[in-house]
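The numbers in the sequence shown follow this note's numbering, run straight up by one, and end at 209. All C-beta atoms, glycine included, are put in the ideal place defined by N, C-alpha and C. Let me begin by presenting the structure, written as structure tokens, before commenting on it.
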Amino acid sequence: MAPEPEIEQDVRVIEVRPGGRRRIDRVLDADYVRCLHELALDVLRARRDEAAQEETDLSYLRRLLHARIDIVRAEQQRRSTGGDTSIVDQLAAILSDNALGPASGSGRHQQLEPTRAGEHRRQAEALVGDAGLSDVGALTDEKLTATLANYAAEEASVSQRRREVQGVVDTLNAEIASRYQRGTASVDELLATERRAKDADPE
């Protein structure tokens with residue numbers, strides 16, 4: 007009998023490290039949204055854009071995990087219904103609905119692309135050749151259930167951090183909007199800031 011394929015069982019929880027150098031560490035640091043009224047408008051926008059980029063990357067990672075979850079659930083459904091269509095034959099459809107397809111269902115329109123889009127896309131496409139995921143039919147029912155639980159725990163961790171980052175984005179957007187409402191910021195200032203950023207861009 008062929009050995010049962012191994013699937014990584016360690017749950018990857020996204021930890022935030024105070025004072026860390028990663029973008030998520032900066033964005034979820036309490037000081038990031040403290041005393042916003044004291045910050046210049048261009049600093050506020052820079053922080054908002056950085057937080058929005060982190061939200062985009064977390065959303066993409068969440069979709070990759072949804073693809074893995076759907077693959078395992080599809081195998082469980084096949085077993086419960088006695089279907090004879092292999093998961094390999096369903097992988098393309100599952101991936102197109104999740105990791106390789108457009109973002110949907112978040113309720114937030116995202117214009118940004120993941121900063122590591124190529125890397126994320128390669129990870130998604132690699133699912134097709136993943137010995138564990140493409141051969142989930144060889145797993146025992148117990149192993150399949152454990153695998154689903156681990157992927158679900160990872161997805162919950164990513165979703166929690168994503169919600170926290172969304173809160174930061176909303177807080178920064180609210181401060182920016184309030185300045186326009188109070189008349190302390192203007193469209194002319196926005197255009198001037200954009201021109202400076204464009205002039206500073208070597209491309």
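{"Asked": "By how many angstroms is the C-alpha of residue 65 removed from the C-alpha of residue 153?", "Found": "21 Å"}
{"Asked": "Classify residue 174 as buried or exposed, calling it buried when 16 or more other Cβ atoms lie within 10 Å of its own Cβ.", "Found": "buried"}
{"Asked": "For the alpha helix (DSSP H) that residue 43 lies in, which residues bound it at each end?", "Found": "First-last for residue 43: undefined, no H or E at that position."}
{"Asked": "Do the CB positions of residue 179 and residue 54 come within less than 8 Å of each other?", "Found": "yes"}
{"Asked": "Once you ignore the five residues that flank residue 21 on each side, which residues in its own chain have a CB closer than 6 Å to its CB?", "Found": "none"}
{"Asked": "For the alpha helix (DSSP H) containing residue 92, name the first residue and the last one.", "Found": "Neither: residue 92 is in no alpha helix (DSSP H) and is coded neither H nor E."}
{"Asked": "Could you tell me whether the Cβ atoms of residue 77 and residue 97 are closer together than 8 Å?", "Found": "yes"}
{"Asked": "Which of helix, strand or coil does DSSP assign to residue 19?", "Found": "coil"}
{"Asked": "Using CA atoms only, rank isn't needed, just tell me which of 69, 62, 23 is closest to residue 157.", "Found": "69"}
{"Asked": "According to DSSP, simplified to helix, strand and coil, what is residue 62?", "Found": "helix"}
{"Asked": "In its own chain, which residues sit with a C-beta less than 8 Å from the C-beta of residue 24, not counting the 5 before and 5 after it?", "Found": "31, 35"}
{"Asked": "Rounded to the nearest angstrom, what separates residue 37 and residue 89 at their Cα positions?", "Found": "54 Å"}
{"Asked": "Cβ of residue 86 within 7 Å of any heavy atom in the ligand NAD?", "Found": "As for the ligand NAD, it is missing from this structure, which has no ligand bound."}
{"Asked": "So, for residue 171: in the same chain, excluding its five sequence neighbours on each side, which residues have a beta-carbon less than 8 Å away from its beta-carbon?", "Found": "30, 33, 34, 57, 60, 61, 64"}
{"Asked": "Could you tell me the alpha carbon to alpha carbon distance between residue 143 and residue 82, rounded to whole angstroms?", "Found": "9 Å"}
{"Asked": "With a Cβ-Cβ cutoff of 8 Å, do residue 151 and residue 39 count as a contact?", "Found": "no"}
{"Asked": "Below 8 Å on the Cβ atoms is my contact criterion, and I expect residue 51 with residue 182 to pass it. Report the Cβ-Cβ distance as a whole number of Å.", "Found": "7 Å"}
{"Asked": "Are the beta-carbon atoms of residue 91 and residue 85 separated by less than 8 Å?", "Found": "no"}
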